[in-house]
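Before any comments, here is the structure.
Number of protein chains: 2
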Amino acid sequence: MRKLAVVGIGPGNYENMTIRADRALRECDVIVGYTVYVDLVKERYADKEFLTTPMLREVERCEMALETARGGKTVAMICSGDSGIYGMAALLYELRGEAAEPEIEVIPGLTAACSGGALLGAPLTHDFAVISLSNRLTPWEKIEKRLACAAEADLGIVLYNPRSKGRPDNLRMACDILLRYLPEDRPCGVAHSIGREGEAGEYMTLGALRDADVDMFSTVFIGNAMTKMIGGAMVTPRGYRRKEVPDA
Amino acid sequence: MRKLAVVGIGPGNYENMTIRADRALRECDVIVGYTVYVDLVKERYADKEFLTTPMLREVERCEMALETARGGKTVAMICSGDSGIYGMAALLYELRGEAAEPEIEVIPGLTAACSGGALLGAPLTHDFAVISLSNRLTPWEKIEKRLACAAEADLGIVLYNPRSKGRPDNLRMACDILLRYLPEDRPCGVAHSIGREGEAGEYMTLGALRDADVDMFSTVFIGNAMTKMIGGAMVTPRGYRRKEVPDA
Numbered sequence: 385m386r387k388l389a390v391v392g393i394g395p396g397n398y399e400n401m402t403i404r405a406d407r408a409l410r411e412c413d414v415i416v417g418y419t420v421y422v423d424l425v426k427e428r429y430a431d432k433e434f435l436t437t438p439m440l441r442e443v444e445r446c447e448m449a450l451e452t453a454r455g456g457k458t459v460a461m462i463c464s465g466d467s468g469i470y471g472m473a474a475l476l477y478e479l480r481g482e483a484a485e486p487e488i489e490v491i492p493g494l495t496a497a498c499s500g501g502a503l504l505g506a507p508l509t510h511d512f513a514v515i516s517l518s519n520r521l522t523p524w525e526k527i528e529k530r531l532a533c534a535a536e537a538d539l540g541i542v543l544y545n546p547r548s549k550g551r552p553d554n555l556r557m558a559c560d561i562l563l564r565y566l567p568e569d570r571p572c573g574v575a576h577s578i579g580r581e582g583e584a585g586e587y588m589t590l591g592a593l594r595d596a597d598v599d600m601f602s603t604v605f606i607g608n609a610m611t612k613m614i615g616g617a618m619v620t621p622r623g624y625r626r627k628e629v630p631d632a
Numbered sequence: 385m386r387k388l389a390v391v392g393i394g395p396g397n398y399e400n401m402t403i404r405a406d407r408a409l410r411e412c413d414v415i416v417g418y419t420v421y422v423d424l425v426k427e428r429y430a431d432k433e434f435l436t437t438p439m440l441r442e443v444e445r446c447e448m449a450l451e452t453a454r455g456g457k458t459v460a461m462i463c464s465g466d467s468g469i470y471g472m473a474a475l476l477y478e479l480r481g482e483a484a485e486p487e488i489e490v491i492p493g494l495t496a497a498c499s500g501g502a503l504l505g506a507p508l509t510h511d512f513a514v515i516s517l518s519n520r521l522t523p524w525e526k527i528e529k530r531l532a533c534a535a536e537a538d539l540g541i542v543l544y545n546p547r548s549k550g551r552p553d554n555l556r557m558a559c560d561i562l563l564r565y566l567p568e569d570r571p572c573g574v575a576h577s578i579g580r581e582g583e584a585g586e587y588m589t590l591g592a593l594r595d596a597d598v599d600m601f602s603t604v605f606i607g608n609a610m611t612k613m614i615g616g617a618m619v620t621p622r623g624y625r626r627k628e629v630p631d632a
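Here the protein sequences come in this chain order: L and D.
In this text, residue positions in the first sequence follow the working numbering: the first is 385, and each later residue adds one.
In this text, residue positions in the second sequence follow the working numbering: the first is 385, and each later residue adds one.
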């Protein structure tokens with residue numbers, strides 16, 4: 385059976401990869417990925433063959449992975465974060481269609497909601513929404529609607545892709561929508577370059593987030609109504625009924 | 385410095401732990417956790433001291449971990465899935481308050497949205513909400529509101545804790561709310577016992593999900609408007625503008 389593993393490598397450092405992802409990269413013949421992600425793993429798996437394509441060339445990259453697997457090589461296609469959440473697994477399924485080969489194995493990885501949340505403290509202890517601010521593949525009106533609904537539902541909110549060269553104002557526009565529902569002093573956090581050089585957590589209010597310095601390696605966390613700063617960390621308590629719980 | 389690591393061990397099997405979580409468990413003196421989770425790691429880290437408390441005794445368990453760390457031992461407190469998302473990290477911060485010690489290190493792990501999604505295919509390629517159906521610590525009305533908002537916003541939805549002994553009807557009640565907004569034939573999936581004995585993925589419509597056989601080790605995935613079954617997997621395509629992308 386021809387085999388293609390789509391591997392979530394987590395935020396980028398070896399430590400935050402799973403045992404299973406590491407094994408898949410050690411056991412494959414070819415590693416396929418976006419140039420920047422391949423550079424993150426190249427040194428450790430130096431005996432592999434590498435195939436890369438630049439950013440935005442996702443279809444081409446997936447076709448390359450499928451073709452290489454059909455040719456008989458064991459392929460690992462890497463994604464940053466999780467392989468499913470905003471990752472390449474879906475596109476591989478779409479492009480393979482109803483064909484039986486190659487077999488696709490989806491190997492999960494730490495998405496930024498997990499790794500960035502840990503960097504900031506515990507902002508996502510309760511229900512939350514993950515929303516990408518990239519309007520490259522999604523109409524902005526749809527993103528606006530999701531932000532409004534998430535705020536109205538008192539969900540914690542994680543924003544992926546808060547900024548890119550072509551979209552310098554998306555975070556400000558998103559904050560303006562959220563500020564219709566949420567107070568200016570709502571605790572927020574930004575996780576910068578998780579697991580890479582320059583990793584840093586930063587805390588601020590929703591009012592200040594509007595003008596925060598974020599880039600394409602930032603992940604933004606907006607607290608729910610219970611979120612507060614405790615001991616220097618962003619913390620969302622677990623429940624709304626602490627006092628009723630026997631041991632709480 | 386006294387040190388307490390709160391460690392997300394992922395769904396339960398060694399393979400799905402991160403390198404960093406494995407290292408923290410190897411390097412600590414004492415492993416603290418809910419009995420069922422401690423049983424998952426006991427064999428591999430057999431030289432450690434183990435401290436357990438039964439289910440629901442979260443405050444007691446966290447106090448035990450903090451106290452042991454204050455006593456000078458290096459403690460790893462384990463959580464299934466992620467240490468932050470519905471995990472114990474927040475409660476540790478709350479109980480420690482503004483004290484400087486012990487230092488709390490939050491080590492993230494694969495949450496069921498990642499690991500269960502991978503088991504089913506690629507259901508979460510686009511924006512989504514994670515909602516727990518446990519009303520032990522949250523009023524049911526709040527859960528209802530979140531379900532309604534998530535459906536209205538066309539978010540993918542992941543349901544944690546879809547059922548427990550005390551709450552046999554929560555999934556049915558949740559489906560009834562979702563069915564006010566979403567069609568009966570909306571593709572859904574259930575990930576059973578991820579990474580443990582009995583692991584299995586199951587696919588069905590939202591109409592059928594209402595009467596599905598789920599337990600406390602199940603995680604439920606409800607697709608967005610674009611989700612479909614492709615090649616036997618539940619797949620949510622990445623974007624809403626595929627045709628406009630040059631290489632798509």
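Even glycine gets a Cβ: it sits at the ideal position worked out from N, Cα and C.
The structure displayed is predicted, hence computed values, not measured ones.
Does residue i come out as helix, strand or coil in the three-state DSSP assignment?
i: M618 of chain L; result: strand
i: I515 of chain D; result: strand
i: G505 of chain D; result: strand
i: T495 of chain L; result: coil
i: A453 of chain L; result: helix
i: R551 of chain D; result: strand
i: E433 of chain D; result: strand
i: I561 of chain L; result: helix
i: T402 of chain L; result: strand
i: T603 of chain D; result: strand
i: M448 of chain D; result: helix
i: V420 of chain D; result: helix
i: E487 of chain L; result: strand
Do you know offhand how far residue i's Cα is from residue j's?
i: L508 of chain D; j: G573 of chain L; result: 23 Å
i: M448 of chain D; j: N397 of chain D; result: 25 Å
i: D406 of chain L; j: N400 of chain D; result: 10 Å
i: G468 of chain L; j: R480 of chain D; result: 36 Å
i: P438 of chain D; j: Y421 of chain L; result: 42 Å
i: Y565 of chain L; j: R551 of chain L; result: 24 Å
i: T452 of chain L; j: R622 of chain D; result: 23 Å
i: L409 of chain D; j: V425 of chain D; result: 9 Å
i: E628 of chain D; j: K549 of chain L; result: Below a pLDDT of 50, predicted positions are generally treated as unreliable, and E628 of chain D, at 43, falls in that range; no measurement from the model is reported.
i: G394 of chain D; j: R386 of chain L; result: 28 Å
i: Y429 of chain L; j: T402 of chain L; result: 15 Å
i: R441 of chain L; j: Y477 of chain D; result: 43 Å
i: Y587 of chain L; j: V514 of chain L; result: 19 Å
i: D413 of chain L; j: S464 of chain L; result: 20 Å
i: I462 of chain L; j: A460 of chain D; result: 30 Å
i: E427 of chain L; j: E583 of chain D; result: 34 Å
i: M472 of chain L; j: L475 of chain D; result: 35 Å
i: R547 of chain D; j: G615 of chain L; result: 35 Å
i: L562 of chain D; j: L531 of chain D; result: 7 Å
i: A575 of chain L; j: K457 of chain D; result: 30 Å
i: N554 of chain L; j: D599 of chain L; result: 11 Å
What residue range is occupied by the uninterrupted alpha helix (DSSP H) comprising residue i?
i: I541 of chain D; result: It is not in any alpha helix (DSSP H) - I541 of chain D instead sits in the beta strand (DSSP E) that spans G540 to Y544.
i: K426 of chain D; result: Looking at the DSSP string, K426 of chain D is not in any alpha helix (DSSP H), and its letter there is neither H nor E.
i: L479 of chain L; result: A473 to R480
i: I527 of chain D; result: W524 to E536
Span of the beta strand (DSSP E) holding residue i?
i: C384 of chain L; result: The structure shown has nothing for residue 384 of chain L, since chain L only spans 385 to 632.
i: E584 of chain L; result: In the sequence as presented, Glu is not what sits at residue 584 of chain L; that position holds Ala. Where A584 of chain L is concerned, the enclosing beta strand (DSSP E) stretches over A584 to T589.
i: I462 of chain L; result: V459 to C463
i: A389 of chain L; result: K387 to G392
i: A575 of chain D; result: P571 to H576
Would you grab the beta carbon distance between residue i and residue j for me? Rounded to a whole angstrom, and I think it's under 8 Å.
i: D511 of chain L; j: P492 of chain L; result: About 21 Å separates the two Cβ atoms, so there is no contact after all.
i: M618 of chain D; j: F605 of chain D; result: 7 Å
i: E568 of chain L; j: L590 of chain L; result: 6 Å
i: L503 of chain D; j: G585 of chain D; result: 5 Å
i: C533 of chain L; j: E536 of chain D; result: 6 Å
i: T603 of chain D; j: A484 of chain D; result: About 37 Å separates the two Cβ atoms, so there is no contact after all.
For the ligand ATP, I want to know if residue i counts as a neighbour, meaning its beta carbon is within less than 7 Å of at least one of the ligand's heavy atoms.
i: A617 of chain D; result: Here there are no bound small molecules, and the ligand ATP is not part of this structure.
At least 3 beta-carbon pairs within less than 8 Å: the segment 425 to 437 of chain D vs the segment 598 to 611 of chain L: no
Are at least three pairs of beta-carbons, each pair with one atom in the segment 485 to 500 of chain D and one in the segment 389 to 397 of chain D, less than 8 Å apart? yes
Indicate whether the contact test is met: 3 or more Cβ pairs, each with one atom in the segment 522 to 535 of chain D and one in the segment 540 to 547 of chain L, closer than 8 Å. no
At a cut of 8 Å, does the segment 552 to 565 of chain D reach the segment 573 to 585 of chain D through at least three beta carbon pairs? no
Do the segment 414 to 421 of chain L and the segment 438 to 457 of chain L meet, that is, are 3 or more Cβ pairs less than 8 Å apart? yes
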